[in-house]
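Protein chains in written order, with this note's numbering: chain A, 1 to 449; chain B, 1 to 449. Using N, Cα and C, we set each Cβ at its ideal position, and we do this for glycine too. The block underneath contains the structure these notes are about, expressed in structure tokens.
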């Protein structure tokens with residue numbers, strides 16, 4: 001056992017750990033920073049589906065860069081933390097005992113599978129999508145000589161996995177609720193994504209959930225759905241979400257929030273001002289409703305990590321955001337689907353008095369520019385004030401940044417009235433026309449409503 | 001002569017006229033709207049350089065869509081306005097006399113050439129870049145069998161013309177100030193654009209200006225530069241900017257602003273509350289310094305047109321922007337150069353106490369994603385408060401939308417402190433990593449300064 005003292009101790013090896021360290025290094029260059037992480041190589045979490053297709057093709061290509069010079073400025077320990085003692089400010093790992101002044105939990109999340117199905121996970125052909133390289137490699141190896149794959153779950157990871165597996169010739173069935181990506185897109189937008197999946201040859205089993213896994217010996221044979229039908233497959237992959245990894249924090253006596261994340265204040269501090277939590281392991285609130293939120297996104301984690309990294313030794317400025325705006329994007333074939341804030345369906349469910357603006361145009365101007373394609377933007381705003389509370393974009397690759405314009409508008413509490421006179425850079429080869437820039441057109445429609 | 005009365009009369013056929021009409025139609029569906037424009041077919045102004053290369057290849061492909069159903073809802077007159085009488089609210093055109101309740105000048109801009117060189121414009125091989133289809137066609141025809149072309153002027157239009165002409169095999173020399181695109185980019189960024197031009201085989205004659213055009217008969221032989229050297233060419237194209245087209249407004253007695261544009265208030269109203277001016281023909285102010293501005297951009301024009309179109313019969317809400325933020329983008333080879341607000345050089349010249357953040361990373365994550373390429377962001381902020389006042393981006397196509405995130409930050413008067421905890425959508429195939437999103441990284445650097 002090695003005994004050490006450190007000023008700042010970070011538990012975890014994912015994006016939130018990385019950003020906490022990078023931010024702390026900038027703010028507190030004189031402090032000793034120690035990181036305990038389990039794996040030598042951390043994967044880029046949102047890159048994992050692309051390991052299974054041709055885009056990346058192997059887990060080695062999905063390694064998080066360890067930050068170059070940063071790695072040499074910190075004390076990096078590959079080990080597994082076993083317990084945390086808050087009173088004595090000590091973390092015990094398998095081979096290290098470390099005392100700290102400031103502790104940051106960045107322990108991430110682990111796959112969630114409904115408890116009635118958990119026992120199926122011991123079957124040799126039933127998997128979740130883990131974020132550890134060795135686990136990812138096992139699944140990839142197992143898939144190598146298999147043909148029929150069932151993906152359970154129609155969130156981003158499930159959909160991306162299905163698309164990537166299909167791209168390398170697997171027969172893929174995806175099982176989920178009435179529409180794919182339902183938390184992020186309204187039906188009108190989701191239908192376009194579903195059409196792309198069908199066109200690629202993926203079988204959609206929607207409006208379903210799994211009631212049980214039928215097995216023989218150590219192998220699952222098929223998935224039985226709520227309507228009684230069965231779908232057979234050689235490999236079953238659960239992509240039914242993640243849950244905060246908080247076993248250590250819970251054992252240490254830290255308070256947890258509604259969905260099991262570590263309770264933190266707006267500055268990512270637990271009730272103990274020397275102990276922080278960032279990323280998927282912490283409890284989140286929704287930007288619009290202020291309710292607890294289950295959203296897990298590396299970009300939200302990175303924002304939280306920046307707040308924590310800037311605030312370890314006291315608050316320097318007010319936090320720029322209050323709750324997650326659930327801002328996502330993904331690619332389906334050559335189309336991008338991106339979303340931020342609340343959908344229309346969610347606004348309805350939350351009894352928000354809302355109005356909608358929609359515009360479909362082209363992403364180049366004039367539309368004779370060779371790579372021009374369709375681009376559509378939907379904005380959701382409060383009916384009374386026109387404040388933007390959500391947006392969805394379908395388009396070409398640049399839609400991945402257009403959603404960030406909408407995200408900034410939501411975070412900054414801008415109204416449609418402000419957006420109609422927004423000044424944007426427009427260029428024939430790069431954007432929609434100045435006369436029909438889609439965010440502005442959608443905002444104009446909201447004003448008219 | 002035909003006599004008519006209209007509720008709303010728009011003079012012009014460019015983007016600002018189009019948007020004024022579209023906005024007025026939405027707001028005042030019961031009003032009769034009349035447009036007088038000179039050309040049957042209007043060109044997309046910023047598409048004009050691409051007519052000269054392979055991207056569009058012909059002016060017919062650069063026609064502005066006439067708005068489909070909109071065209072049938074308005075009274076469109078192809079004619080040339082000759083005089084405006086403000087007292088009697090009458091516009092006289094060559095074949096029409098029209099009385100109006102509300103008049104909007106959207107008469108655009110015309111090429112500017114320094115007055116010491118104006119007389120060279122009568123030579124058969126000296127051109128400006130006009131926005132009329134017939135004039136563009138004449139230049140394109142003239143270029144067809146010529147090889148050596150000189151472009152004078154290193155703003156966006158000059159640079160784009162040079163690149164397009166080079167792409168179809170012309171020998172191109174471009175003449176201009178110390179660096180290209182100098183109003184929009186600092187030297188560190190401009191050098192990268194210059195390297196691309198050189199790589200494409202364009203000759204750069206920088207740190208120069210034209211002292212005279214040497215001619216023989218009706219033809220220019222060469223351009224004499226301020227250092228006494230001469231550059232010979234078969235065609236000389238002036239891309240030395242544009243000036244407001246205000247002959248009509250001036251003759252009507254309307255007040256003009258410093259650089260010759262029609263004076264307007266924040267709601268695009270002249271001193272006469274029934275007469276508006278929008279687009280390049282109106283006087284502009286700079287967002288940061290509040291000084292008169294020479295910036296001419298279709299997107300700024302479109303913003304102004306939306307403000308006018310919403311305010312024709314009274315103000316409905318406060319305008320969302322105060323002055324132009326000069327937000328541009330262009331493409332050089334496969335790299336995008338985009339800029340908004342003030343450059344570092346300009347901040348220095350304006351005696352602004354500023355600080356700079358810069359970050360260069362990759363536009364995909366991990367960087368093993370097949371189409372990953374470099375992406376760099378520079379932010380300029382007020383030193384005291386961290387308020388963002390400018391930004392420059394170099395990257396792949398999505399940089400054309402990244403600059404619009406920065407533009408929104410400038411317009412919304414956000415600080416670097418706000419941006420460091422910005423929530424952005426990040427996706428392996430579409431954006432930088434959440435851990436190293438370039439706007440956030442640059443903002444973090446500003447905070448540290």
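Test: residue i CB closer than 7 Å to a CB of chain B
| i | result |
| --- | --- |
| residue 359(A) | no |
| residue 322(A) | no |
| residue 44(A) | yes |
| residue 338(A) | yes |
| residue 384(A) | no |
| residue 295(A) | no |
| residue 136(A) | no |
| residue 239(A) | no |
| residue 292(A) | no |
| residue 412(A) | yes |
| residue 36(A) | no |
| residue 408(A) | yes |
| residue 307(A) | yes |
| residue 26(A) | yes |
Min CB distance residue i to chain A below 7 Å
| i | result |
| --- | --- |
| residue 329(B) | yes |
| residue 61(B) | yes |
| residue 103(B) | no |
| residue 317(B) | yes |
| residue 242(B) | no |
| residue 450(B) | An answer regarding residue 450(B) cannot be provided, because it is not within the stretch 1 to 449 covered by chain B. |
| residue 47(B) | yes |
| residue 147(B) | no |
| residue 302(B) | yes |
| residue 509(B) | Any property of residue 509(B) remains undetermined from this structure, which presents chain B solely from 1 to 449. |
| residue 335(B) | no |
Per-residue DSSP class, three states only, for residue i
| i | result |
| --- | --- |
| residue 440(A) | helix |
| residue 405(A) | helix |
| residue 362(A) | strand |
| residue 262(A) | strand |
| residue 449(A) | coil |
| residue 89(B) | coil |
| residue 167(A) | helix |
| residue 248(B) | helix |
| residue 24(A) | helix |
| residue 355(A) | strand |
| residue 160(A) | helix |
| residue 81(A) | strand |
| residue 6(B) | strand |
Own chain, CB closer than 6 Å to residue i, minus 5 neighbours either side, in chain order
| i | result |
| --- | --- |
| residue 359(B) | 377, 438, 441, 442 |
| residue 53(B) | 164, 167, 168 |
| residue 5(A) | 99 |
| residue 125(A) | 219, 220, 235 |
Sequence-distant residues of its chain with Cβ nearer than 7 Å to residue i (five each side left out)
| i | result |
| --- | --- |
| residue 313(A) | 28 |
| residue 133(B) | 39, 41, 43, 59 |
| residue 226(A) | 208, 209, 211 |
| residue 160(A) | 49, 330 |
TODO: Could you name the residues of the region 252-283 of chain A whose beta carbon sits closer than 7 Å to any beta carbon of chain B, in the order they occur along the chain?
DONE: Of all residues in the region 252-283 of chain A, none has a Cβ within less than 7 Å of some Cβ in chain B.
TODO: Determine which residues of the region 414-431 of chain A have a Cβ less than 8 Å from any Cβ of chain B, and write them out in chain order.
DONE: If the cut-off is 8 Å between Cβ atoms, the region 414-431 of chain A has 414, 417, 418, 419, 420, 421, 422, 423, 424, 425, 426, 427, 428, 429, 430, 431 near chain B.
Open item on the list: Please identify, using Cβ separations under 9 Å, the residues of the region 346-375 of chain A that lie next to chain B, in order along the chain.
Closed with: Cβ proximity to chain B below 9 Å picks out 365, 366, 367, 368, 369, 370, 371 from the region 346-375 of chain A.
- [ ] Quick one: which unbroken alpha helix (DSSP H) runs of 4-plus residues sit fully inside the region 266-353 of chain A? Chain order, please.
- [x] Listed in chain order, the complete alpha helix (DSSP H) runs (minimum 4 residues) inside the region 266-353 of chain A are 298-311, 344-349.
- [ ] Any chance you could list the alpha helix (DSSP H) runs of at least 4 consecutive residues sitting entirely within the region 98-144 of chain B, in chain order?
- [x] With a minimum length of 4 residues, the continuous alpha helix (DSSP H) runs that stay inside the region 98-144 of chain B are 133-143.
Open item on the list: Threshold first: 3 residues or longer. Then list the beta strand (DSSP E) segments lying entirely within the region 29-78 of chain B, N to C.
Closed with: Within the region 29-78 of chain B, the runs of beta strand (DSSP E) that reach at least 3 residues and sit entirely inside it are, in chain order, 33-37, 75-78.
Task: Any alpha helix (DSSP H) of 4 or more consecutive residues that is wholly inside the region 173-238 of chain A - done: Whole alpha helix (DSSP H) segments, 4+ residues: 187-199.
Open item on the list: Tell me which residues of the region 389-404 of chain B have at least one Cβ-Cβ distance to chain A shorter than 9 Å, keeping chain order.
Closed with: The region 389-404 of chain B vs chain A, Cβ under 9 Å: 396, 397, 398, 399, 400, 401, 402, 403, 404.
TODO: Ignoring anything shorter than 3 residues or poking outside the region 377-427 of chain B, list the beta strand (DSSP E) runs there in chain order.
DONE: Segments of the beta strand (DSSP E) lying fully in the region 377-427 of chain B: 388-395.
- [ ] Using a Cβ-Cβ cut-off of less than 8 Å, list which residues of the region 13-24 of chain A approach chain B; keep chain order.
- [x] Under the 8 Å Cβ criterion, the region 13-24 of chain A contributes 15, 18, 19, 22, 23.
Open item on the list: Output needed in chain order: residues of the region 208-228 of chain B with a Cβ under 8 Å from some Cβ in chain A.
Closed with: The region 208-228 of chain B vs chain A, Cβ under 8 Å: nothing.
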